[in-house]
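Colleague: Numbering (the numbering used here), first residue to last: 83 to 543.
By construction, the Cβ of each residue, glycine as well, lies at the ideal position given by its N, Cα and C atoms.
What you are looking at is a predicted structure, and each value in this text was computed from that prediction instead of being measured.
#1: What would DSSP say about residue 299, mapped onto helix, strand or coil?
#2: How is the alpha helix (DSSP H) around residue 396 delimited, first residue to last?
#3: Between the segment 509-520 and the segment 341-357, are three or more C-beta pairs nearer than 8 angstroms?
#4: Identify which residue in 326, 376, 492, 383 has its Cα closest to the Cα of residue 516.
#5: Identify the continuous alpha helix (DSSP H) that holds residue 318 and give its terminal residues.
#6: For residue 328, which beta-bridge partners are listed by DSSP?
#7: Which residues in the same chain as residue 383 place their Cβ atom closer than 7 angstroms to its Cβ, once the five residues preceding and following it in sequence are excluded?
#8: Measuring only the C-alpha atoms, how far is residue 302 from residue 534?
#9: Sort 419, 268, 194 by Cα distance to residue 251 and report the nearest one.
#10: Provide the residue span of the beta strand (DSSP E) that contains residue 431, from first to last.
#11: Residue 90: buried (16+ other C-beta within 10 angstroms of its C-beta) or exposed?
#12: Taking buried to mean at least 16 other C-beta atoms within 10 Å of its own C-beta, is residue 112 buried or exposed?
#13: Whole angstroms is fine: what's the gap from residue 477's alpha carbon to residue 375's?
#14: Which value, in whole angstroms, describes the spacing of the CA atoms of residue 451 and residue 108?
#15: With a cut-off of 8 angstroms on the beta carbons, I'd call residue 102 and residue 146 a contact; round off their distance for me.
#16: Just reading off the alpha helix (DSSP H) that residue 107 is part of, what are its end residues?
#17: Suppose contacts are defined by Cβ-Cβ distances below 8 angstroms. Is residue 397 in contact with residue 334 by that definition?
#18: Within 10 Å of its beta-carbon, does residue 213 have 16 or more other beta-carbons around it, so buried, or fewer, so exposed?
#19: Given this structure, state the Cα-to-Cα distance separating residue 277 from residue 311, to the nearest angstrom.
#20: Return the chain-ordered ranges of every beta strand (DSSP E) run that is complete within the segment 215-251 and spans a minimum of 3 residues.
#21: Please classify residue 436 as buried or exposed, where buried requires at least 16 other C-beta atoms within 10 Å of its C-beta.
#22: Using the beta-carbon count (16 or more within 10 Å), is residue 191 buried or exposed?
#23: Please return the same chain residues whose Cβ sits closer than 6 angstroms to the Cβ of residue 222, not counting the five positions on each side in sequence.
#24: Quick one: what does DSSP say residue 162 is sitting in, helix, strand or coil?
#25: Distance, Cα to Cα, residue 205 vs residue 298?
#26: Bridge partners of residue 262, per DSSP?
#27: For residue 523, list the residues DSSP reports as bridge partners.
#28: As a quick exercise: from 269, 423, 390, pick the residue whose alpha carbon is nearest that of residue 104.
#29: Could you please give the first and the last residue of the uninterrupted alpha helix (DSSP H) stretch that includes residue 341?
#30: Among 473, 123, 461, whose alpha-carbon lies nearest the alpha-carbon of residue 227?
#31: Please return the same chain residues whose Cβ sits closer than 8 angstroms to the Cβ of residue 439, not counting the five positions on each side in sequence.
#32: Which of the three DSSP states is assigned to residue 545 in this structure?
#33: Along the alpha helix (DSSP H) that carries residue 455, what are the first and last residues, could you check?
#34: Could you give the first and the last residue of the continuous alpha helix (DSSP H) run that contains residue 444?
#35: Any heavy atom of the ligand ATP closer than 7 angstroms to the CB of residue 109?
#36: What does the Cβ neighbour count give for residue 130, buried or exposed, with the cut at 16 atoms within 10 Å?
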């Protein structure tokens, strides 16, 4: 996308202005979004975004700017603006780039570059709408959409690296609302992958609709959730959002390097129950949070964060490595060219254990089963959290009882890790978008069902 001779001259100019390291991030993204609401097409939008980000590192200080132009003068002007108070110095000119090619492990058939027509996409959404409405007269609304994105990146740096990658993403989103008198409940489904439209076609609209409607109707009959400290089972898939938010961010060198994480000095120490093993893995084929290379051009890898309760690794980008001394893990990520990269999660999950969900439930006299988690808030650094349970049930005498409403889980990530006593064998994953200082990036959260021996439950009773 960018002439490498121009890239060389721009990088040389950054070195002339005293930078110890310079890199260019060339980024072109194509997107398409379609949505259906109330049995009608609500929105169709598409477009292309292009830009080039320029990063200059002085010691461990970063200057960053960007432009929407490939013109050499415009790129030089960005550096001139960033380094207005920097003096020129002697430097060793970059000889040439060494192109690095990477294996693409994410096969795509119908991405935006090999797109299919809207006439083939819309029927899926309308079918989902019809199926949901046919199941109950209490269903008052269904909203569904498909978002696709294709990203081409090219990276050059002052160490001679030149590499490229293409990424294709697709996400299906659907939500259903059911009403009974003045009671209103909803459920939603939002899977995503590094694939094309073939991913959406892998779902059966009838099956998706049945699951959402069943959940929404069940929640209409929910009773207020009791409050207090009690054992809780957090089921698989999106239940992993608590580990992601309340623990995962504390293991990124973005916070570790600033000593803003309670785990910054705990490497090699026990930080969780012995049954907890946690991973951040960018190599999973076609997963929503996967990448071939990170946004600094380093190949991605599987990173074992916690092994048998012991902290074994952080997630480390180039700057994080410079500041902490830890080896890079291919974890540098950014939303687009407008952001400098920093250490971020990819597919982050607690690994499967050996326990059965039914045995976890049977082990509890009185507690809560959180089948589906929702959003929440987290305090950076400490991992204090408050998360809403989207679908939860009472456990009494080892059996699942009434659906409850108003349940929330309140605690801290570090404390919760030590109170996990059982880990299920039903590992599953869910797609999400994580926001941080380098923008919003696709991440996967995951876990099997876990039993937390004691956690504060906020409720409506």
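Modeller: Looking at the coordinates:
#1: helix
#2: Looking at the DSSP string, residue 396 is not in any alpha helix (DSSP H), and its letter there is neither H nor E.
#3: no
#4: 326
#5: Note, residue 318: premise wrong, no alpha helix (DSSP H); not H, not E.
#6: Answer is none; residue 328 lacks a bridge partner.
#7: 364, 365, 411, 412
#8: 27 angstroms
#9: 194
#10: First-last of the beta strand (DSSP E) with residue 431: 429-432.
#11: By the 10 Å Cβ count, residue 90 comes out buried.
#12: buried
#13: 45 angstroms
#14: Each residue's alpha carbon lies about 46 angstroms from the other.
#15: No, residue 102 and residue 146 are not in contact; Cβ-Cβ is about 15 angstroms, not under 8 angstroms.
#16: That residue, residue 107, is in no alpha helix (DSSP H); its beta strand (DSSP E) goes 103-119.
#17: yes
#18: buried
#19: 42 angstroms
#20: 221-239
#21: With fewer than 16 other Cβ atoms within 10 Å, it is exposed.
#22: exposed
#23: 259, 261
#24: helix
#25: 24 angstroms
#26: 265
#27: DSSP lists 516 as the beta-bridge partner residues of residue 523.
#28: 423
#29: For residue 341, no alpha helix (DSSP H) run applies, since DSSP gives it neither H nor E.
#30: Out of 473, 123, 461, 123 has the C-alpha closest to the C-alpha of residue 227.
#31: 315, 317, 506, 508, 531
#32: Because residue 545 is not part of the residues shown, which for the chain are 83 to 543, the question remains open.
#33: Not the alpha helix (DSSP H): residue 455 falls in the beta strand (DSSP E), residues 448-461.
#34: Where residue 444 is concerned, the enclosing alpha helix (DSSP H) stretches over 439-444.
#35: Questions concerning the ligand ATP fall outside what the structure shown contains, since it holds no ligand whatsoever.
#36: exposed
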